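Chains as they are written, first to last, in full-length UniProt numbering: chain A, 1 to 364; chain B, 1 to 364; chain C, 1 to 364.
Just so it is clear, CB atoms sit at the ideal spot from N, CA and C, and this is done for glycine as well.
As the structure is a computational prediction, the values presented were derived from the model and not from experiment.
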Amino acid sequence: MGSLLSEIRRNPLLWMLAFVPIVLIAEKAAPDAHTALFVLAVLAIVPLAALLSHATEAVAEKTGDAVGGLLNATLGNLTELIIAVTALHAGQYMLVKASIAGAIVTNSLFMLGASFLLGGLKYHVQEYNRAGGRLQSGLLLMATVALLAPSAVADLDLAHGEVVTQKLSIGLAVLLIIAYALGLLFSLKTHKELFASEQHGEAEAPWPIGLAIGTLLGVTVLVALVSEIFVESVQKAAETFGMSPAFVGFIIVALVGAAAEMAVAFSAARKNRLDMSVSIALGSASQIALFVAPVLVLLSYVTGPKPMDLQFWPGAVTMVMVSALTASFITNSGRSAWFIGALLLFIYAIFALTLYVVPPGSAA
Amino acid sequence: MGSLLSEIRRNPLLWMLAFVPIVLIAEKAAPDAHTALFVLAVLAIVPLAALLSHATEAVAEKTGDAVGGLLNATLGNLTELIIAVTALHAGQYMLVKASIAGAIVTNSLFMLGASFLLGGLKYHVQEYNRAGGRLQSGLLLMATVALLAPSAVADLDLAHGEVVTQKLSIGLAVLLIIAYALGLLFSLKTHKELFASEQHGEAEAPWPIGLAIGTLLGVTVLVALVSEIFVESVQKAAETFGMSPAFVGFIIVALVGAAAEMAVAFSAARKNRLDMSVSIALGSASQIALFVAPVLVLLSYVTGPKPMDLQFWPGAVTMVMVSALTASFITNSGRSAWFIGALLLFIYAIFALTLYVVPPGSAA
Amino acid sequence: MGSLLSEIRRNPLLWMLAFVPIVLIAEKAAPDAHTALFVLAVLAIVPLAALLSHATEAVAEKTGDAVGGLLNATLGNLTELIIAVTALHAGQYMLVKASIAGAIVTNSLFMLGASFLLGGLKYHVQEYNRAGGRLQSGLLLMATVALLAPSAVADLDLAHGEVVTQKLSIGLAVLLIIAYALGLLFSLKTHKELFASEQHGEAEAPWPIGLAIGTLLGVTVLVALVSEIFVESVQKAAETFGMSPAFVGFIIVALVGAAAEMAVAFSAARKNRLDMSVSIALGSASQIALFVAPVLVLLSYVTGPKPMDLQFWPGAVTMVMVSALTASFITNSGRSAWFIGALLLFIYAIFALTLYVVPPGSAA
């Protein structure tokens, strides 16, 4: 408990945990103040996500290399998963899909680009080990092909469209999860020497395992509670700010969900440890595509009001595809300078601008 | 004749030649047993294709480097060509086009992927000379651009659509054949030192030239006869198994046509000669795109019931494009491990699943 | 003045300057002889463009490295810019857009391909510094993403389509110009050591600064006058030759506008200075996409009959995308042989054939 408190004292981000009780109380007091609730929920989720990621790493450190790697890989996007499951329960499929596509794009363009830019402003040229980036971008490209398939079918066949898309989505979800598992086998077991095993964890005083697991469980519950407020308020708040639902899911939810990982990736880039930044950014993107997305599809059969398929609107497929291709192209060289980061951020800005300008209520 | 028999004795695959007379007799006896005829035809084509490829190599060996290389390159996909010509005669344009697109995809994803996987299960990391792969994937990418062009035009212009598409298809066919010829000039003559000249032929007792040419001619006739049965029965059999015509052409015909080359590519990968596997897989894919496809277009003006164009349905164009891009991206590194192969096979599985799920009779 | 004359005497291309007065007189004498005026205007623009590029370089040399680089980069496509502005004034938006897309495609496929082919016919294998090519192709890829965005939106939203596309186009134009400025900052200032600073200028007797600036201004006026005749006559002449408007803008205008730069790029390739050829070709392409195109959009609000957006027809977007991807893929290796050039020219030929076959008056 002492190490949890000292962690909170050392890390100013965690002071924002004060917003957790505030938002929970505010929701009881003024359930219709959507904009205020939205802002408070964002401010509460960010530190919870950071704490979640600390706790995951602490558990991972205790459980040895292979299991720890597995845990880190599986729970690394727990915040995104909880938010998406909450939106799934609420039947907000558009928001779920936009947040999946947006998380892939945000991680592989914004997180990667900002890491390169921040690192490049401090160091003239940075070099990094490409193996991790190549694996992740290969997995990501495969996953984008899977996302492309149902959208292609959707154009073809209007009669039995929905049934076909659902059958296809389940098949693809199973394929993606198998590919994800094989990718873990490859990177954590058979060829782990290729992947520089510098893990996220910096040399900190280790948490006791009981505290770590307790924190993990407790914070998961808190994230779930706050996510519910977030999902309820986000659409209404977006209308107030004049944002389209696509923009909210794609940009806002994705940035909020990934805030904690971004803090780690950016700080690694400033310390010239770009391997870590690249592997967090692309690892997170490929994990969303290969694990979070198919798990949501399968979960929707168990818990959702109706099944969710993997069919995205064409613009989203294009954006995911361009992001994955750009990220592989860029990380292929193993070198970086500030302008590379700026280029990635420009592409992100183009997408954000496009989604922002599209008027709410249109198909996108 | 002795060497032909000893070849047959040594190679268990060739024992399947027994199915050739069986299928020819069965077709007379029970012309309506489509499913049985289909299975027998497949079992007969596979060893014939193997024998055809042996005979081509034997002729190539006798005729010296340049002519031999040319022969190997031109007749390497003779089986695919014969099957496609038979389907062309029967007016089954959908089957022809699906088998062209499917052969490109099957060679560049399935054959390449399975070679990497089989090699990778035996060797930790495999390195190979990239020059051959780069040339072939460059040619393949160019050819996919040519396939994209008529499909793009098709969307535009409905009034004179067919005429325009046909004019364009002839022009493209001529361009592709010229590019193919220049590619041969480059790899066999002006820059042949870049391409490790390890040819398919292992150190075997050479066939006499007369036997080789005789086998080549005789087997060509047999393949043509069996192909006719195959093409007639495949659609009916497919309906029985619940497969769409697209699936049959794309997956079944392509796998049957390439079976003989796959045997060679896989065995090379197990012997750590991945150069050869890569060059068979990508060479075969680019040859289909740059030689077989345009030859079929031009042939359709001479022999077909009506002209065939190069316009594929959008899904096929996307799949060919993704396959070509993936194959170039993957072979760019010159290194391989089992997971790279698994990734390629996953993309192939995504395509196969998509085509399987699309209900028969739909536009795809 | 003496050095201007000696320049003209040494360079046979500049003898064609005689066509400038001829075309200006012809236009007064026979304003309806469209085909003759078109041919004369082309013959007059080519040497003017060459003179413009000499004058720009002469000014650049006098003004030191950074300012000179900036001048070269900004005025390098002055001819294309003047022709496009003239077409913009005339309200020929289709021609403007086709010439923008065509200039990108022509520079990155035809100019690059012909340089590789011409160099490769003289040298067996050529090596070059990739840094310049990588920067330019990165910028180009980013710009193609920007061109893709409004076209994607156009499909979605028919109600407020035009307003949305215009808002988006202005935003994108601003983003592109900022990216362009940052690219100059990167290549001319913060990381200039990565870009081999061999400039276009060969060791010639330098022009006095007064003459250089005077020539620059005078020739700009002449190009503007001839461009007006060119833009007026090109569509009518095209109908006579049976060309579609898309073909004229994409191929003819783009080839005419880039003729002067091509002469320099090809001569560099023959001298085994492929760095320079690659950097002229890709630099020119990315400059059109990141500077000329957005400047035209912004100018259209000030001077045009109505605002111009950045929405291209789908075929143009595909062609620009394929060109940018192919150019990055090809220049990634830093080595070249004649066949690489031939491949690029084949892709260009496929595009030219497609545009030529499309009948005039169709949507493309």
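Asked, Found
"Can you say whether A181 of chain A is buried or exposed, counting buried as having 16 or more other CB atoms within 10 angstroms of its CB?", "exposed"
"Taking the beta carbon of A29 of chain C as the centre, do at least 16 other beta carbons fall within 10 Å, making it buried, or is it exposed?", "exposed"
"According to a CB-to-CB cut-off of less than 8 Å, which residues of the segment 125-148 of chain C neighbour chain A?", "R134, L135, G138, L139, L141, M142, V145, A146, L148"
"Kindly indicate if chain A contains any beta-carbon less than 7 Å away from that of L51 of chain B.", "no"
"Based on DSSP bridge pairs, tell me the residues matched to E335 of chain B.", "It should be noted that the sequence gives Arg, not Glu, for residue 335 of chain B. Paired residue(s): B:E127."
"Counting beta carbon pairs with one atom in the segment 6-15 of chain B and one in the segment 344-356 of chain A, are three or more of them shorter than 8 Å?", "no"
"Quick one: what does DSSP say M243 of chain A is sitting in, helix, strand or coil?", "coil"
"Does DSSP classify L141 of chain B as helix, strand or coil?", "helix"
"At the level of alpha carbons, what is the spacing between V85 of chain C and L296 of chain C?", "7 Å"
"Measure from the alpha carbon of V264 of chain B to the alpha carbon of each residue in B:S227, B:S279, B:I252, B:F250, then state which is nearest.", "B:S279"
"Do you know how far the Cα of P31 of chain B is from the Cα of P21 of chain B?", "15 Å"
"Suppose only complete runs of 4+ residues qualify. What are the alpha helix (DSSP H) ranges in the UniProt domain \"Sodium/calcium exchanger membrane region\" (212-356) of chain B, listed by chain order?", "254-270, 274-287, 293-302, 314-331"
"Along the chain, where does the alpha helix (DSSP H) containing S3 of chain A start, and where does it finish?", "2-10"
"Taking 7 Å as the CB-CB limit, is F339 of chain C close to chain B?", "yes"
"Near L274 of chain A, which residues of its chain fall below 8 Å by C-beta distance, leaving aside the five closest residues on each side in sequence?", "S115, F116, G119, Q126, E127, Y128, A268, S336"
"Mind reading off the beta-carbon distance from V226 of chain C to L48 of chain C? Whole number of angstroms is fine, and I expect it under 8 Å.", "7 Å"
"Report the rounded CA-to-CA distance for L4 of chain C versus W207 of chain C, giving the unit in angstroms.", "8 Å"
"Whose C-alpha, out of C:L109, C:E228, C:H89, C:L188, is nearest the C-alpha of M142 of chain B?", "C:L109"
"To the nearest angstrom, how far is it from the Cα of A285 of chain B to the Cα of I177 of chain C?", "42 Å"
"Less than 7 Å between CB atoms is the rule here; does K189 of chain B satisfy it with respect to chain C?", "no"
"For the segment 74-122 of chain B, list the beta strand (DSSP E) runs that are entirely contained and at least 3 residues long, ordered along the chain.", "none"
"Anything in chain B within Cβ reach of L40 of chain C, meaning under 7 Å, just list it in chain order.", "Here the premise fails: no neighbours, minimum Cβ distance about 31 Å."
"May I ask you to report which of helix, strand or coil DSSP gives W15 of chain C?", "helix"
"Where S99 of chain B and M321 of chain B are concerned, what is the direct C-alpha to C-alpha distance, given to the nearest angstrom?", "15 Å"
"Who are the near neighbours of E198 of chain A in its chain, counting only those whose CB is closer than 8 Å to its CB and skipping five residues on each side?", "For E198 of chain A, the predicted model reports a pLDDT of 47, less than 50, meaning its position is unreliable; a value from the coordinates is still stated below. If we look at E198 of chain A and ignore the five residues flanking it on each side, its Cβ neighbours are R273, D275, M276."
"Tell me whether F195 of chain A sits in a helix, a strand or coil according to DSSP, three-state version.", "coil"
"Between L175 of chain A and I350 of chain B, what straight-line distance do the alpha-carbon atoms span, to the nearest angstrom?", "8 Å"
"Cβ of S53 of chain C within 7 Å of Cβ of A224 of chain C?", "no"
"Residues of chain A with CB under 7 Å from A349 of chain B, in chain order?", "L175"
"Tell me, to the nearest whole angstrom, how far the beta carbon of A36 of chain C is from that of A50 of chain C; I am working on the premise that it is less than 8 Å.", "Rounded, the Cβ-Cβ distance is 23 Å, inconsistent with contact."
"Cα separation between E61 of chain A and S328 of chain A?", "30 Å"
"Taking all protein chains shown into account, do 16 or more other C-beta atoms lie within 10 angstroms of the C-beta of A203 of chain C, making it buried, or fewer, making it exposed?", "Caution applies to A203 of chain C, whose pLDDT of 48 falls short of 50 and renders its modelled position unreliable; the model cannot decide the point."
"DSSP state of A33 of chain B, grouped into three classes?", "coil"
"Should K122 of chain B be labelled buried (16 or more other beta-carbon atoms within 10 Å of its own) or exposed?", "exposed"
"Quick one: is V357 of chain B near chain A, going by C-beta distance under 7 Å?", "yes"
"Nearest to A55 of chain B by alpha carbon, out of B:L75, B:P307, B:A131?", "B:L75"
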